[in-house]
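Novice: Using my numbering, read the sequence shown as starting at 8 and increasing by one per residue.
In this text, a Cβ means the ideal position worked out from N, Cα and C, and glycines have one as well.
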Amino acid sequence: MTDKTPIKMLHDRILVELDREAGERRSSGGIVIPATAAMGARRLAWSRVVAIGPHARAVEVGDKVLFEPEDKAEVEVAGEVYIVMRERDIHAVAADRIGDSATGLYL
8 MTDKTPIKML HDRILVELDR EAGERRSSGG IVIPATAAMG ARRLAWSRVV AIGPHARAVE
68 VGDKVLFEPE DKAEVEVAGE VYIVMRERDI HAVAADRIGD SATGLYL
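#1: If we call anything under 9 Å between Cβ atoms a contact, is R20 one with V91?
#2: Measuring CB to CB, does H98 end up less than 9 Å from E75?
#3: What does a CB cutoff of less than 7 Å around E24 pick up in its chain, not counting 5 residues either side in sequence?
#4: Between A80 and the rest of its own chain, which residues show a CB-CB distance below 8 Å, the 5 nearest in sequence each way excluded?
#5: Can you check the stretch 35 to 110 for any beta strand (DSSP E) of at least 3 residues that lies completely inside it and give the ranges in chain order?
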């Protein structure tokens, strides 16, 4: 397989970019907390969708999705790390096309 081989996601599978930088955060005092630090509660993550299968209904390529990154399948394609998941594993979708939502939440 070469770097130029196209990839087609199957069924309801979603491929999202894994943003290693986003895992780090700062405390209110300015201390950097690494992504590997153990937290008491599960921490959800936002990532951008790069490919979807034909049966994915609620997401489109380019959407930002909220999911739990623990226990997800990682794959490396052309030197970049991605996560493969089912559409049902996504908790929320953020996209301009969802502008009529009545949640009052904005990113």
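Specialist: Inspection of the coordinates gives the following:
#1: yes
#2: yes
#3: S54, R55, V57 and Y89
#4: I90, V91 and M92
#5: 52 to 59, 71 to 74, 80 to 84, 87 to 93 and 97 to 101
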